Amino acid sequence: MALVISSAFDAGNIRVVKQDGGKVDLEIVKDHMSDFYQWFYFRLAGAAGREVTLRITNCAGAAYPNGWPDYKGVMSLDREEWVRIADTRFSGGVLTMKLTPPQDVVWIAYFAPYSMERHHDLVTQTAALEGVGYRSLGKSLDGQDIDCLQIGEGPLNVWLYARQHPGETMAEWWMEGALEKLTDEDDPVARVLRKECTFRVVPNMNPDGSRRGHLRTNAVGVNLNREWHAPSAEKSPEVLCVRNAMDETGVDFAMDVHGDEAIPANFLAGFEGIPSLSDRQLKLFNLFGETLERLSPDFQRSQGYEVPAPGEANMSMSTTQLAERYGCVSMTLEMPFKDNFDLPDDVYGWSPQRSKHLAYACLDALHGVLPELKAAKAERGTAKREKVEA
Ligand code: ZN
1070 MALVISSAFD
1080 AGNIRVVKQD
1090 GGKVDLEIVK
1100 DHMSDFYQWF
1110 YFRLAGAAGR
1120 EVTLRITNCA
1130 GAAYPNGWPD
1140 YKGVMSLDRE
1150 EWVRIADTRF
1160 SGGVLTMKLT
1170 PPQDVVWIAY
1180 FAPYSMERHH
1190 DLVTQTAALE
1200 GVGYRSLGKS
1210 LDGQDIDCLQ
1220 IGEGPLNVWL
1230 YARQHPGETM
1240 AEWWMEGALE
1250 KLTDEDDPVA
1260 RVLRKECTFR
1270 VVPNMNPDGS
1280 RRGHLRTNAV
1290 GVNLNREWHA
1300 PSAEKSPEVL
1310 CVRNAMDETG
1320 VDFAMDVHGD
1330 EAIPANFLAG
1340 FEGIPSLSDR
1350 QLKLFNLFGE
1360 TLERLSPDFQ
1370 RSQGYEVPAP
1380 GEANMSMSTT
1390 QLAERYGCVS
1400 MTLEMPFKDN
1410 FDLPDDVYGW
1420 SPQRSKHLAY
1430 ACLDALHGVL
1440 PELKAAKAER
1450 GTAKREKVEA
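Numbering-wise, my numbering puts 1081 at position 12 of the sequence shown, and it's gapless, one number per residue.
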């Protein structure tokens, strides 16, 4: 039987260019109405016991060419466990993956996928738990709901949101971990967090891009994390509805969860270049990072993005926009597509399980900074009252 490759399913992305026996040349398809591409996910059938050579030939033009060196693809036999394809090489703009599948139907992807079907299972199961509220904040352009789960009843307003960039599926694995911990009746950290905070959790900001198999944009090719200064119903209703809901509640702490193609480490990006940057805000951000670094060997603070100069922040991004808008502490968490090279795992690389463990550690770190977070909120409240009275 000839090899059969398909991607016409939830989150699938690939195009077959040429096929010659066990050798197949492939291309990643661009996001609709955009030039971004890097996410791939396809099914390979008819290859049991045969060596197959899969070449993705358009890697040089992908969104992050530095994502390919030292990267290994993932393969699954059951769409639950995803292992790295050991013989993955990158050379001359071509990613070559060689494998001998042990069974007829196998699945191959850029990172362990998180499909919309799994998203619906997560939302349904979590919303059914005691003490969890559900609200649809609005609709995407394809008509999908922007799902939001509410947990806890404390005065601190915490927003966790992920997958503005749909191809960064580790972000929703992280969310699955965060929701597991937050709803654990016996977890002492979760019990305190539920008492002190009200969490609003948006596990997937970009359901259209997720289902369409996009890397970075929504149904009309818009990068949602460049819309936060001026979201619109036409181009970015996903951001508009979430930002409106944030305006209703106010925000004390926010985390935007992402994946980074190139850097083989977990790191945070902050809001250093915003116009109204306060000392207290910055100290709290640094304290959170230090606390997380102490708690998780998978987190570090030496590698990351360049810090913008004072006043040079890009205000179209959520982290900077929220820090400026609410005077809160907000941050972007980046996880690797490759691995944490300081603590590598040859079989799985960075993985769903490790993304979940990082989520547990992030919530532990949030618990660790609660006293400072509460003090910062009280101070902002006083400042606001003084402004009104003046
Ligand atoms: Zn991202």
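Beta carbons: idealized from backbone N, C-alpha and C, even for Gly. Quick caveat: nothing in here was measured; it's all calculated off a predicted structure.
Between residue 1207 and residue 1310, the gap from beta carbon to beta carbon is short of 7 Å. Cβ-Cβ distances below 7 Å link residue 1312 to 1297 and 1300 in the same chain, with the five nearest sequence neighbours on each side left out; the list follows chain order. The continuous beta strand (DSSP E) containing residue 1214 extends over residues 1214-1220. Cα atoms of residue 1119 and residue 1414: separation of roughly 26 Å, rounded to the nearest angstrom. One alpha carbon belongs to residue 1450, the other to residue 1159, and they sit about 54 Å apart.
Counting along the chain, residue 1167 sits inside the beta strand (DSSP E) bounded by residues 1163-1168. In this structure, residue 1108 sits away from residue 1145, with a CB-CB distance that is not shorter than 7 Å. DSSP, reduced to helix, strand and coil, places residue 1253 outside both helices and strands of the structure shown, so it counts as coil. Partner residues in the beta bridge of residue 1266, as assigned by DSSP, are 1225. In chain order, 1342 place their CB closer than 7 Å to the CB of residue 1378, counting only its own chain and leaving out the 5 sequence neighbours on each side. Here the distance from the Cβ of residue 1101 to the nearest heavy atom of the ligand ZN is not below 6 Å. No heavy atom of the ligand ZN is found nearer than 6 Å to the CB of residue 1296. Of the candidates 1122, 1274, 1140 and 1229, 1229 places its Cα closest to the Cα of residue 1323. DSSP places residue 1144 in the uninterrupted beta strand (DSSP E) bounded by 1143-1145. Taking the Cβ atoms as the reference, residue 1417 lies roughly 6 Å from residue 1152, within the contact range of under 8 Å. For residue 1454, the number of other beta carbons within 10 angstroms of its own is below 16, and it is reported as exposed. Of the heavy atoms belonging to the ligand ZN, none sits nearer than 6 Å to the Cβ of residue 1307. Within the DSSP bridge table, the entry for residue 1402 names 1326 and 1337 as partners. A heavy atom of the ligand ZN is found nearer than 6 Å to the CB of residue 1327. When the alpha-carbon of residue 1214 is set against those of 1276, 1435, 1194 and 1401, the nearest one is in 1276. Beta-bridge annotation (DSSP): residue 1095 is paired with 1085 and 1125.
Ranked by Cα distance from residue 1409, the options 1204, 1070 and 1419 are led by 1419. Beta-carbon to beta-carbon, residue 1245 and residue 1191 are separated by about 6 Å, close enough to satisfy the 8 Å threshold. Taking the Cβ of residue 1234 as the reference point, at least one heavy atom of the ligand ZN falls within a distance shorter than 6 Å. With fewer than 16 other CB atoms across the displayed protein chains lying within 10 angstroms of its CB, residue 1135 is exposed. Residue 1124 sits away from residue 1085, with the two beta carbons spaced by 7 Å or more.
Non-local beta-carbon contacts of residue 1362 in its own chain, meaning distances under 8 Å to residues more than five positions away in sequence, involve 1368, 1369 and 1370 in chain order.
Not one heavy atom of the ligand ZN is found less than 6 Å from the C-beta of residue 1241.
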